[in-house]
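So the sequence shown is numbered by this note's numbering: it starts at 87 and just counts up by one.
Think of the CB as a built atom: it goes at the ideal place given N, C-alpha and C, for glycine as much as any other residue.
None of the values given here were measured: they were computed from a predicted structure.
Each remark here refers to the structure printed beneath this line.
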Amino acid sequence: SPELKTAEIEPKADGSWREGDEVTLICSARGHPDPKLSWSQLGGSPAEPIPGWQGWVSSSLTLKVTSALSRDGISCEASNPHGNKRHVFHFGTVSPQTSQAGVAVMAVAVSVGLLLLVVAVFYCVRRKGGPCCRQRREKGAP
């Protein structure tokens with residue numbers, strides 16, 4: 087049966103993956119006859135010989151990490167008439183993508199604050215000398 091080696095480009099420790107992170111998985115195999123490489127997800131590159139590695143072929147798959155992939159994993163299989171070898175890549179816990187909701191709430195809060203400030207200044211100017219806009223005392227007054 088074929089010999090199989092695997093690698094992750096930009097590997098992360100379990101639990102540090104976030105939804106939407108991109109990862110490239112690499113599967114390399116050798117055997118006689120040359121093994122066929124296949125992935126459990128669509129989008130893998132065709133198997134090509136590795137320069138300088140006699141008899142080895144390699145395929146890569148670039149994808150975005152999701153919680154579904156974390157649950158099921160991604161498998162790579164090398165097969166030829168003598169058998170097959172399989173490796174499953176796991177991503178551990180995948181955190182949800184950081185939400186933009188916090189930024190939106192902050193923007194709304196700042197906008198409302200500025201609007202209140204403008205209304206308060208307008209109110210003071212209209213009252214001419216109300217409690218928030220007292221006129222300065224004349225020079226010489228105690």
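Asked                                                                                               : Found
CA nearest to the CA of residue 150, picked from 127, 212, 164 and 162                              : 127
Uninterrupted beta strand (DSSP E) stretches inside the segment 99-138 (no shorter than 3 residues) : 108-116 and 122-125
From 95, 198 and 196, residue whose alpha carbon lies closest to that of residue 113                : 95
Distance between beta carbons of residue 161 and residue 179, contact taken as under 8 Å            : Contact doesn't hold; Cβ gap of about 19 Å is too wide.
Length of the line joining the Cα atoms of residue 196 and residue 107                              : 31 Å
Every unbroken alpha helix (DSSP H) inside the segment 148-204 [4 residues or more]                 : 153-158
CA-to-CA distance, residue 163 to residue 134, given in whole angstroms                             : 15 Å
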